[in-house]
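Structure, as structure tokens:
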Amino acid sequence: MDLKLKGKNAAVVGATRGIGRAIAGMLASEGCNVSICARTEISVYAVVKELSAEGVQAMGTSLDVSDSDSQTHWINDTVEKFGGLDIFIANASAMNLGVDDEAWRQSFEIDMMATFTGAEAATPYLKNSDAGAMVFISSIAALHTPGGPKPYGAMKAAVINYAKGMARSLAPDGVRVNTVSPGNIY
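For the sequence shown, numbering that gives the first Met the number 0 gives the first residue as 0, with consecutive numbering after it.
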């Protein structure tokens, strides 16, 4: 498949396993340079090695996405190495199953605030791209709440609402903003 991504530059948050890993791999297989971040250094290293084998530039950083300075620094490093940014994908999630105050705080910091921080850091670079795109990974739990983890569903609903606002504000600059709300992934 040719998605016309050859030579484009992408930053993918939470890309060492699951959906994020699949996205990073697909982007690299399409010729897109890929920068990833995730918590575990050894996993980041392994995925960067796999992505590089596709013949693209790949880089990765181990960081805590709830640390806004670290995530902003990673975005800036990505742009410095690749020469620009065309695609930003926010995929981090606490997936906290608790219902106490700490579960809510952790979900807010990782699912919502880290998404906001990454998007805000990426926005000026995406505005300079001729193909700027931002994708937020939400969840079906944001739309249908059959009794699952309440903090998770609430924060993913907040991500959808934030993305709608970003889509409206960035459309005049030619930046597309979308959400994807997958079902359960095991």
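Glycine residues also receive a C-beta, built at the ideal position from the N, C-alpha and C atoms.
These figures come from a predicted structure and were not determined experimentally.
Per-residue burial, residue i [other beta carbons within 10 Å of its own, 16 or more giving buried]
i    : result
P148 : buried
R38  : exposed
A118 : buried
A23  : buried
A190 : Nothing can be reported for residue 190, as the shown portion of the chain is limited to 0 through 185.
L142 : exposed
Residue i versus residue j - alpha carbon distance
i    : j    : result
A9   : N95  : 27 Å
K163 : K155 : 13 Å
S67  : G17  : 23 Å
T116 : M0   : 32 Å
Y151 : L84  : 29 Å
P123 : D100 : 34 Å
Q105 : G82  : 34 Å
N160 : S168 : 13 Å
Extent of the continuous beta strand (DSSP E) run through residue i
i    : result
S61  : A57 to S61
S34  : N32 to A37
M133 : A132 to I136
Span of the alpha helix (DSSP H) around residue i
i    : result
T116 : A113 to K126
R16  : Run containing R16: none; DSSP gives neither H nor E here.
Nearest-angstrom Cβ-Cβ length linking residue i and residue j, presumed shorter than 8 Å
i   : j   : result
I88 : V12 : 7 Å
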